[in-house]
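To start, the structure itself, in structure tokens.
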Amino acid sequence: MQQPTEICPGCGVQLEHTALHAPPPRYAASGSCWLVFGELSYYTLSLNDPYFIHQLTIDAYGAQHSGQQTKPITTVFALVGLQLAIEKRYTGRQVQQAHIALARQQKDWPTLIMPDQTGAITMQDVWQAEAGQHRNRRIHDWTESVWQRWAPSADWVRDCVNRYGL
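Per our numbering, residue 55 is the first one in the sequence shown, and the count goes up by one each step.
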């Protein structure tokens, strides 16, 4: 007998349905996707690496799972993090520090227009990669894929980064 599946409203991945309830609508995620994200977060945090790859995971997931009910600050901070990591080669730790600096600035962030597609790579693709170097490389691939999908907002994000000296 085939297990029932559910499609994540954020990234479109189809996963086996779990008993876990979906998170609040502002996270634009199915319960199954949220569960795998938790497992991936545990993995990245347990690395305790100086690069702090966990921040890339948070930002890629946040940008890929931005929906109509997502708070604008979530999307803006996720995209700023992706831009800094990809285009300016910031480490995850540097991105985290930039988020702290940005949080001290403007309080009313704009609602950015979501892309039609969520990216060719999902968090599930990352999770299925062999733990270690392969999975960590896949996290970087995922961040680039999500950033490419948000290309229509890229100039605004770059302007924001420059405006606040990040």
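All residues carry an ideal CB built from backbone N, CA and C; glycine is no exception.
- Here the alpha carbons of Phe91 and His71 stand approximately 14 Å from one another.
- As DSSP reads the structure, Gln68 sits in a beta bridge with Ile61.
- Taking 8 Å as the upper bound for CB-CB distance, Asp213 and Arg192 are not in contact here, some 30 Å apart.
- Contact check for Trp181 against Leu94 passes: the beta carbons are separated by less than 8 Å.
- Secondary structure within the segment 164-197: the alpha helix (DSSP H) runs of 4 or more consecutive residues, fully enclosed, are 177-182 (chain order).
- A direct Cα-to-Cα measurement between Pro79 and Asn216 gives close to 32 Å.
- Between Ala205 and the set His75, Gln122, Gln171, the nearest pair of CA atoms involves Gln171.
- With a 10 Å radius around the Cβ and a threshold of 16 neighbouring Cβ atoms, Gly64 comes out buried.
- The way I'd put it, the segment 123-140 does touch the segment 156-168; three or more beta-carbon pairs between them come closer than 8 Å.
- The residues Thr129, Ala132, Leu133, Leu136, Val200, Trp204, in chain order, have a CB closer than 7 Å to that of Ala117 in the same chain once the five nearest residues on each side in sequence are set aside.
- Here the alpha carbons of Gln151 and Arg158 stand approximately 11 Å from one another.
- The C-alpha of Gly173 lies about 26 Å from the C-alpha of Gln57.
- Restricting attention to beta strand (DSSP E) runs no shorter than 3 residues, the segment 104-169 encloses none.
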